[in-house]
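Reading through the structure tokens given below for one structure.
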Amino acid sequence: MKKLKNNAGLNSVAASLMAILLGLIVGFAVLLIADARNALNGFGAIVTGGLSDLKNFGQVLYYATPIIMTGLSVGFAFKTGLFNIGAAGQYMVGAFVAVFVGAKATFLPGHLHWIVAILLAAVIGAIWGMVPGLMKAFCNVNEVITCIMMNYIGLNLMNLLIRSSLFDKGRNQSLQPVASAILPKFGFDKIFTVGATPSSVNSGIVFAVLIGILLYIILQKTTFGYELKACGFNRNAAKYAGINERRSIILSMVIAGALAGVGGALYYLSGAGTGIPITEELAAEGFDGIPVALLGMSNPIGVIFAGIFISYLKVGGTTMQVYGFAPQIISIITAVIIYFSAFSLFFKGLLGRLGKRPVKAEKQKGGAVK
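Printed below as a string of structure tokens:
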């Protein structure tokens, strides 16, 4: 029992589950205040809406794909002691490059078109992440400041380039990628469907999960991952041990940027009929990656499940509108759950302290600890 209490992995899972439970309780309270008669039905919709049929579950996986990628981006940087709040900008520039290649580079063979688009999105995302990394490594500029600046540079640059090269005047958004640039479906369109209406899920969710597993292996099983984490735990100690902390900082932000850029590519190459909108707001998927990383404790495997969970809430929230709840209430409930996910670290620490109390008590009594 003591081993279970002191198990860091189990404590992380338990902390996240506690955060989710508390968030759902507060969410139900909000529903009671808004409409007590339909509160139970509305709560049931948000809990079960994502599983109500195969199409809805397919939509859960579709919406989960980009936020898993941005969650991996934020979580990877967290693991190395950095706060990548620039995932939104990296996501948007990656999306633009992917759509540009998808719409304009029609000379590429069909089986390579979407692959090239994703790779170039990763490259531009990596470059966007490298700038804050360089500023942090060589000038000790806080990465939060430079990431925020890069977000708005990316947003306005994307708007400018869409208007000048990819503008669809009728829809106030970018052109859509041609068919050869659309991600393969892997048969998901036939599985996750209701009648003649398939969901938008595609192979992007498979790539996101595989990338998450690869990151877990890198961080847990390789010397490179160990050096990155050591630099995150204590930069001065890592430097004393012979680890090049500047290289670790730069590479961490480069990888984080590439992950977010791929997230943008996977979303807009899905073939869901969505172009990049002309907007003055940063991409929500970039900021959704922050609570996903927190809820997943920055563990790549945990981030995958956290991303699916947040997406599940989104689809369930849409289902809840059937009972007359305004979309704003759905946003409040989702935000409350996300807010409590930020307390996962607090719950993890609390569980860890609870697990150590019996040992301390035995030591005080002078008893032997077995």
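Residue numbering for the sequence shown follows the numbering used here, starting at 690 and increasing by one per position.
C-beta atoms are modelled at their ideal positions from N, C-alpha and C, and glycine is treated no differently.
T968 sits in coil when the DSSP states are folded into three classes, being neither helix nor strand. Spanning the alpha carbons of L872 and R726 requires a straight line of approximately 44 Å. Looking only at G747, T737, A776 and N840, the smallest Cα-Cα distance to I880 is reached by G747.
Counted as a single uninterrupted DSSP element, the alpha helix (DSSP H) harbouring Q748 occupies residues L743 to K768.
At a Cβ-Cβ threshold of 9 Å, A897 and A723 do not count as neighbours. Taken through DSSP and simplified to helix, strand or coil, S987 comes out as coil. Per the C-alpha coordinates, the member of A972, C836, A973 and Y1028 positioned closest to F772 is C836. By the neighbour-count criterion, in which a residue is buried when 16 or more other Cβ atoms sit within 10 angstroms of its Cβ, E974 is buried. Fewer than three beta-carbon pairs drawn from the stretch 906-919 and the stretch 990-1002 are found closer than 8 Å, and the two stretches are therefore not classed as touching. In the DSSP assignment, V788 falls within the unbroken alpha helix (DSSP H) covering A776 to K793.
In the same chain as A949, and ignoring 5 residues on each side of it, the C-beta atoms closer than 6 Å to its own belong to T759, S762, A776, Q779, Y780 and G814, in chain order. Rounded to whole angstroms, the separation of the alpha carbons of A930 and I990 is 29 Å. Assignment of beta-bridge partners to P887 by DSSP yields T882. Of the candidates M838, G783, R935 and L740, L740 places its Cα closest to the Cα of G1005. Spatial neighbours of V1011 in its own chain (CB-CB distance under 8 Å, excluding positions within 5 residues in sequence) are listed in chain order as A734. Each of K928, T795 and G901 was checked against the Cα of G952, and the nearest Cα belongs to G901. Nearest to V883 by alpha-carbon distance, out of W817, K744, F765 and K928, is K744. Burial is judged here by how many other beta carbons sit within 10 angstroms of a residue's own beta carbon; L955 has at least 16 and is buried.
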